[in-house]
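Colleague: Residue numbers (this note's numbering), protein chains in the order written: chain Z, 1 to 448; chain F, 449 to 896.
From the three backbone atoms N, C-alpha and C, an ideal C-beta is built for every residue, glycine too.
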């Protein structure tokens, strides 16, 4: 048996998984490398953070997704080096994996714009562990507020939530948090009313969900307000600590003005940057990167001068026909992954190369709480319940595993009908180990 | 409003939750204290450890279970002291909670019989975090075996699993592990056959599930063997480390004989001991404890000389009509919790005291893999599929929250039909951070 063309794919997200699947019938040998053993349906991660879904329900083991694809093996490991001259990928444990074609699909990570110290007080939402930690923080805040109920100031701090970043993740988190406070937890406490919660959605730009039309932005803002979420535009965060968020904004007369929101719970949904693997690859290949660290790829999605190294998804910086960089969303990653796979097949078969990659935008959607969403689909703006139905349908269809799909569907059905949330577990940390709460609680309880 | 009789319940497991619910209509003020914010359906914890279910599916937030019970509040906290003279419970953060009646329902924890160093190599199954850690260990072992596939000895070590303790938890874990190896993962790997896995169930006694009749034990052993699980009786574990399990057993001629099983994965299901809170309470009250640390309670389930302190569930040592101590199972805890609640109501109402507690044994059940179980119900022995159906029905009925019940039911339906497992996530730890694996893998991969 002659040696088959070896394709190594790094990352089992939307880009990598689609590339692997698009190579199913190809005369190649595929190795998919990922740090984790599962594909994560990232657009629903905020539902884990808010206790609506359990991790297993939006994840699918990579091995089982690729089970019937005999030309593909899955490797659990972390890439620490790439040698384009030797055409080898090096894993953390020293293993060297040879490739003929490489597809980089390692995605992005959250960015604090150089203020990594803020991470301690304002977790972001990229991994399952992040989501569980945020869930812990949110649910614990209500518990803590209950315990300090007779100290109005402390109670208010525990019941104040700030979400930094009003893109899709921020808006969806804020909306769900609004539902939790106003509906899910409504009858669960004896001394506080969860509806007292103040939820601030803050952003440097002038409107929420800036990827959508102004009209849709306004509708989304209105929907969020109904859920108790107040949007604060034009607000630049300058500090995050145990007490809350410090910011500058434009005061009356256009003068910059300092401000502060006292809050025990801050969540970061503001920015992303390239993964460590991308930065490494850019350095090794001398590839040019854009702001945020994504690699500027050729029209064939490869790195200039490295025609056998493809970059897809959040890591790739590519301009659409209007000269705007493609957004870091699942759809783009999936189409790019498929394109890279097809391009490799053409090479292996000595066929003429593919025309430049072209993104086909099927539209975008963001959900704002129960039964409400905004959508821009095939050039048409939609909002409210119809948009939510489309969102529901599309997301369910895309979830990789059949079993998960049905479960999520039923879970959502229940949520919709009952306002309850089944996955409201505070795990991973002892109940009273959250910093800065204990002395407060002690005082409150002994004075009770 | 005159001060109501204050009932403090420590622990939101089966005993504590049932006590709280039985006090629903009573003229008392109930405070349920737990370290966690959820009730856990512990009998199904092994299904989380084996990737069949997600944590949210067998847990219910205590607040939402008790939402409509207006005389009950839930407090998240850890009890560090009890003062029976002042009738006060002290929490870790210093809060002092007064009581008129106290119900202790803090359950048991796993015991390594004085060899706590074994815990590092042989995790046990008591909490959600334990279950996730065991899931990680099991799934990672197959991944590691795939990577060292061309080193037969290393591969065998990764594919050898030892479960210590052949009671219900051990037998159920072993059966599910057998299914994972022989069915779930069957087509998932390229270089190993998961069916190669060797699963040993070891115990100091002469048969598995000794709480059942000998005939049922034998049937269960046979069912397990079909799933590739080998039972090793009369085997006393004398050491657990990174390489496996050392034991003594009775050799030919009745001489004690040393032995060793080389295995990378050992799971501890062998014993339980009283919780820290129980030991503390026994010390404070001078109560007599039994082997294992449970408190010897009066026929009214109280501590001798402390008629207002009840002990229920795994912590209570109580003899049945045949002079045998009641087992540490959910049913006992639930009945005891309800009894304690009723006893308190009688006192508050100045009615005559309840007759001594009497356990009504509805029967016991253990499941051995897909569609097989053994049961002793109302004096009748059952096995195979009928027993499994009863098991399925009873467990579903008991799961506290309606939503969870339906989801688990569907999840099981799928499992039964498809052999797939939706919650096969390795989370919480980087992929290649398991000790002792990396150097092996490195060698294996570079020699590939």
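1. Just verifying my parser: in three-state terms, what is the DSSP assignment at residue 454 of chain F?
2. Counting only C-beta atoms, is residue 76 of chain Z closer than 8 Å to chain F at any point?
3. Quick one, which residues of the stretch 187-218 of chain Z are near chain F if we go by CB-CB under 9 Å, in chain order?
4. Rounded to whole angstroms, what is the Cα-Cα separation between residue 687 of chain F and residue 645 of chain F?
5. Determine, using beta-carbon pairs with one atom in the stretch 272-292 of chain Z and one in the stretch 94-111 of chain Z, whether at least three such pairs fall under 8 Å.
6. In terms of alpha-carbon separation, which member of Z:168, Z:216, Z:296, Z:189 lies closest to residue 202 of chain Z?
7. Can at least three beta-carbon pairs, one atom from the stretch 117-126 of chain Z and one from the stretch 329-346 of chain Z, be found at a separation below 8 Å?
8. Under the three-state reduction of DSSP, which class applies to residue 780 of chain F: helix, strand or coil?
9. At which residues does the beta strand (DSSP E) containing residue 716 of chain F begin and terminate?
10. Could you tell me the alpha carbon to alpha carbon distance between residue 19 of chain Z and residue 680 of chain F, rounded to whole angstroms?
11. Which runs of the alpha helix (DSSP H) spanning at least 4 residues fall entirely within the stretch 478-524 of chain F, listed in chain order?
12. Under the three-state reduction of DSSP, which class applies to residue 763 of chain F: helix, strand or coil?
13. Determine the closest residue to residue 498 of chain Z out of Z:291, Z:166, Z:139, with distance taken between C-alpha atoms.
14. Would residue 515 of chain F count as contacting chain Z if we go by Cβ distances under 8 Å?
15. Quick one: which chain F residues come within Cβ less than 9 Å of residue 182 of chain Z?
16. Distance cutoff 8 Å, beta carbons only. Does residue 383 of chain Z sit that close to anything in chain F?
17. How many angstroms separate the CA atom of residue 690 of chain F from the CA atom of residue 712 of chain F?
18. Find the residues of chain F that neighbour residue 17 of chain Z, judging by a C-beta separation of less than 8 Å, and give them in chain order.
19. Answer with yes or no whether the minimum CB distance from residue 825 of chain F to chain Z is below 8 Å.
20. CA-CA distance, residue 534 of chain F and residue 758 of chain F?
21. Taking residue 90 of chain Z and residue 81 of chain Z to be in contact with their CB atoms under 8 Å, please state how far apart those CB atoms are, rounded to whole angstroms.
22. Could you tell me the alpha carbon to alpha carbon distance between residue 461 of chain F and residue 330 of chain Z, rounded to whole angstroms?
23. So which of F:525, F:685, F:516, F:472 has the shortest CA-CA distance to residue 144 of chain Z?
24. If we cut at 8 Å on Cβ distances, does residue 150 of chain Z have a partner in chain F?
25. Sort out for me which residues DSSP pairs residue 811 of chain F with in a bridge.
26. Excluding the 5 residues flanking residue 437 of chain Z on each side, which residues of the same chain have their C-beta closer than 6 Å to its C-beta?
27. Ends of the alpha helix (DSSP H) at residue 590 of chain F?
28. Compute the Euclidean distance between the alpha carbons of residue 323 of chain Z and residue 488 of chain F, then round it to the nearest angstrom.
29. Between which two residues does the alpha helix (DSSP H) containing residue 703 of chain F stretch?
30. Can you name the residues of chain Z whose CB is closer than 9 Å to the CB of residue 587 of chain F?
31. Compile a chain-ordered list of the residues in the stretch 567-583 of chain F whose CB is closer than 7 Å to at least one CB of chain Z.
32. Could you round the C-beta distance between residue 609 of chain F and residue 647 of chain F to whole angstroms and report it? I think they count as a contact, below 8 Å.
33. Would the beta-carbon of residue 781 of chain F fall within 8 Å of that of residue 811 of chain F?
34. Could you name the residues of the same chain whose beta carbon sits closer than 6 Å to that of residue 674 of chain F, not counting the 5 residues immediately before and after it, in chain order?
35. Pull up the DSSP beta-bridge partners for residue 757 of chain F, would you.
36. So, helix, strand or coil for residue 696 of chain F, using DSSP?
Modeller: According to the structure shown:
1. What you label residue 454 of chain F is simply residue 6 of the second chain in a count that begins at 1. Of the three classes helix, strand and coil, the one that applies to residue 454 of chain F here is strand, per DSSP.
2. In the first chain, counting from the first residue as 1, residue 76 of chain Z sits at position 76. Yes, residue 76 of chain Z counts as interfacial toward chain F.
3. 187, 188, 189, 190, 191
4. For the purposes of this step, residue 687 of chain F is identified with residue 239 of the second chain, where counting begins at 1. For the purposes of this step, residue 645 of chain F is identified with residue 197 of the second chain, where counting begins at 1. Rounded to whole angstroms, residue 687 of chain F to residue 645 of chain F spans 22 Å at the Cα level.
5. yes
6. Looking up residue 202 of chain Z in the first chain gives position 202. For the options Z:168, Z:216, Z:296, Z:189, the alpha carbon positioned closest to that of residue 202 of chain Z is the one of Z:168.
7. no
8. For the purposes of this step, residue 780 of chain F is identified with residue 332 of the second chain, where counting begins at 1. It is helical.
9. Position 268 of the second chain, counting from 1, holds the residue named residue 716 of chain F. Where residue 716 of chain F is concerned, the enclosing beta strand (DSSP E) stretches over 713-716.
10. Against the first chain, residue 19 of chain Z aligns to sequence position 19. Against the second chain, residue 680 of chain F aligns to sequence position 232. Just so you know, the alpha carbons of residue 19 of chain Z and residue 680 of chain F end up roughly 47 Å apart.
11. 493-497, 510-513
12. Your numbering for residue 763 of chain F matches position 315 in the second chain. Of the three classes helix, strand and coil, the one that applies to residue 763 of chain F here is helix, per DSSP.
13. The structure shown does not extend to residue 498 of chain Z, since chain Z is modelled only from 1 to 448, so the question has no answer here.
14. Position 67 of the second chain, counting from 1, holds the residue named residue 515 of chain F. Yes, residue 515 of chain F counts as interfacial toward chain Z.
15. Indexing the first chain from 1 puts residue 182 of chain Z at position 182. Residues of chain F passing the Cβ test: none, with the nearest at roughly 15 Å.
16. The residue labelled residue 383 of chain Z in the question sits at position 383 within the first chain. No, its Cβ sits nowhere closer than 8 Å to a Cβ of chain F.
17. Counting from 1 along the second chain, the entry for residue 690 of chain F is found at position 242. Counting from 1 along the second chain, the entry for residue 712 of chain F is found at position 264. Taking the straight line from one Cα to the other gives about 7 Å.
18. Indexing the first chain from 1 puts residue 17 of chain Z at position 17. Those within 8 Å of residue 17 of chain Z in chain F number zero; the least Cβ separation is about 15 Å.
19. Position 377 of the second chain, counted from the start, is the residue given in the question as residue 825 of chain F. No, because no Cβ of chain Z sits closer than 8 Å to the Cβ of residue 825 of chain F.
20. For the purposes of this step, residue 534 of chain F is taken as residue 86 along the second chain, with counting starting at 1. For the purposes of this step, residue 758 of chain F is taken as residue 310 along the second chain, with counting starting at 1. Straight-line Cα distance between these residues: approximately 16 Å.
21. Counted from its first residue, the first chain places residue 90 of chain Z at position 90. Counted from its first residue, the first chain places residue 81 of chain Z at position 81. With 8 Å as the limit, residue 90 of chain Z and residue 81 of chain Z qualify as a contact, their Cβ atoms being about 4 Å apart.
22. The sequence position of residue 461 of chain F within the second chain is 13, counting from 1. The sequence position of residue 330 of chain Z within the first chain is 330, counting from 1. Using only the alpha carbons, I get a separation of about 42 Å.
23. Here residue 144 of chain Z refers to the residue found at position 144 of the first chain. With distances taken between Cα atoms, residue 144 of chain Z lies closest to F:525.
24. What you label residue 150 of chain Z is simply residue 150 of the first chain in a count that begins at 1. Chain F places no beta carbon closer than 8 Å to that of residue 150 of chain Z, leaving this residue out of the contacts.
25. Within the second chain, numbered from 1, the residue matching residue 811 of chain F stands at position 363. Partner(s): F:825.
26. Position 437 of the first chain, counted from the start, is the residue given in the question as residue 437 of chain Z. Caution applies to residue 437 of chain Z, whose pLDDT of 33 falls short of 50 and renders its modelled position unreliable; the model cannot decide the point.
27. Residue numbering aside, residue 590 of chain F sits at position 142 when the second chain is read from its first letter. That run of the alpha helix (DSSP H) goes 576-595.
28. Locating residue 323 of chain Z in the first chain gives position 323, where the first residue counts as 1. Locating residue 488 of chain F in the second chain gives position 40, where the first residue counts as 1. In a straight line, the C-alpha of residue 323 of chain Z is about 54 Å away from that of residue 488 of chain F.
29. Along the second chain, read from residue 1 onward, the residue named residue 703 of chain F stands at position 255. Element bounds for residue 703 of chain F: n/a, residue is neither H nor E.
30. Against the second chain, residue 587 of chain F aligns to sequence position 139. The answer, in chain order, is 37, 61.
31. 576, 577
32. Here residue 609 of chain F refers to the residue found at position 161 of the second chain. Here residue 647 of chain F refers to the residue found at position 199 of the second chain. Confirmed, Cβ separation roughly 5 Å.
33. Taking the first residue of the second chain as position 1, residue 781 of chain F is located at position 333. Taking the first residue of the second chain as position 1, residue 811 of chain F is located at position 363. No, the Cβ-Cβ distance between residue 781 of chain F and residue 811 of chain F is not below 8 Å.
34. What you label residue 674 of chain F is simply residue 226 of the second chain in a count that begins at 1. For residue 674 of chain F, where only same-chain residues beyond five positions count, there are no Cβ hits under 6 Å.
35. Taking the second chain and counting its residues from 1, one reaches residue 757 of chain F at position 309. DSSP lists F:550 as partners of residue 757 of chain F.
36. As a first step, residue 696 of chain F is located in the second chain; it is residue number 248 there, counting from the start. Correct three-state label for residue 696 of chain F: strand.
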